[in-house]
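*Asks:*
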Amino acid sequence: MAQEIERKFLVDMAKVDLPKQGLTICQGYIQTADKTTVRIRIMGDKAFLTLKGETHGFSRSEFEYEIPVSDARQMLDELCQGPMVDKTRYLIQHQQHLWELDIFAGDNQGLIIAEVELNSETEQPELPDWISEEVTGDKRYYNSNLLSHPFKDW
């Protein structure tokens, strides 16, 4: 089974040396009746359909498939409810891990989150000095929740 094991952190931008290039991401979510998340994402010149199960600890099942960008645009327009989550992603290598640092825009402007994927829930990555606080498990920081409860309203 495909599985995502991930931890999320807030970032002290005064300590980050961002790469010159970031990747623009626009994503929306299709409403489901249970705790399954169905995400449509356009990331640069590629698009993805992702299904995620309920989170347990740091883990959840995840299935991701590349789809045509034209299909993704149509799904975002016709199937996704409400606003989109817009952000720019920067990839930063630190020690043995590749960190994804997301700077949010729109209704979530001001929110900056770093995520790191792990091989197990017991793995302890060395944290970069620009990490300020862990928010793993805090549902406010789930991208799917940022649609109905954007950062600007906190």
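Quick note, the sequence shown lines up with residues 0 to 153 if you use numbering that gives the first Met the number 0.
Each residue gets a CB set at the ideal place from its N, CA and C atoms; glycine is no exception.
Predicted, not measured: the structure shown is a model, and the values here were computed from it.
1. Put Thr-28 into one of helix, strand or coil per three-state DSSP.
2. Write down the C-beta distance between Phe-150 and Leu-110 rounded to the nearest angstrom, noting that I regard them as a contact closer than 8 Å.
3. If you compare alpha carbons, which of Trp-98, Ile-39 and Pro-82 is closest to Ile-16?
4. Please list the segments of the beta strand (DSSP E) lying wholly inside the region 41 to 73, counting only runs of 3 or more residues, in order along the chain.
5. Can you look up Asp-11 in the DSSP assignment and give me helix, strand or coil?
6. Would a C-beta distance cut-off of 8 Å place Gly-21 and Met-83 closer than the cut-off?
7. Taking Thr-87 as the reference, which of Val-134, Ile-112, Gly-56 and Lys-7 has the closest Cα?
8. Using a Cβ distance threshold of 8 Å, determine whether the region 111 to 130 contacts the region 67 to 78, with at least three qualifying pairs required.
9. Using three-state DSSP, classify Lys-19 as helix, strand or coil.
10. Taking the alpha-carbon of Ser-131 as reference, which of Met-74, Met-12 and Leu-146 has the nearest alpha-carbon?
11. Please look up how many angstroms separate the CB atoms of Ile-4 and Ser-143, rounded, as I've assumed it's under 8 Å.
12. Measuring straight from C-alpha to C-alpha, what distance separates Arg-139 and Phe-103?
13. According to DSSP, what are the bridge partners of Phe-103?
14. Per DSSP, His-96 forms a beta bridge with which residues?
*Replies:* Once the coordinates are examined:
1. Note on identity: in this sequence residue 28 is Tyr, with Thr being the wrong assignment. DSSP places Tyr-28 in strand when its eight states are reduced to three.
2. Yes, Phe-150 and Leu-110 are in contact; Cβ-Cβ is about 4 Å, under 8 Å.
3. According to the sequence displayed, residue 16 carries Asp and not Ile. In this structure, Trp-98 is the residue among Trp-98, Ile-39 and Pro-82 with its C-alpha nearest to the C-alpha of Asp-16.
4. The qualifying runs are 45 to 51 and 58 to 66.
5. If DSSP states are grouped into helix, strand and coil, Asp-11 belongs with coil.
6. Contact check for Gly-21 against Met-83 fails: the beta carbons are separated by 8 Å or more.
7. When C-alpha distances from Thr-87 are compared across Val-134, Ile-112, Gly-56 and Lys-7, the shortest belongs to Ile-112.
8. Result no; under three Cβ-Cβ pairs closer than 8 Å.
9. Residue state, collapsed to three classes: coil.
10. Measuring C-alpha to C-alpha distances from Ser-131 to each of Met-74, Met-12 and Leu-146 identifies Met-12 as the nearest.
11. Contact check for Ile-4 and Ser-143: beta-carbon distance about 18 Å, past the 8 Å limit, so the pair fails to qualify.
12. Annotation: Arg-139 to Phe-103 spans about 14 Å, alpha carbon to alpha carbon.
13. The partner list for Phe-103 (beta bridge, DSSP) reads Lys-86.
14. For His-96, which the question treats as bridged, DSSP gives the partners His-93.
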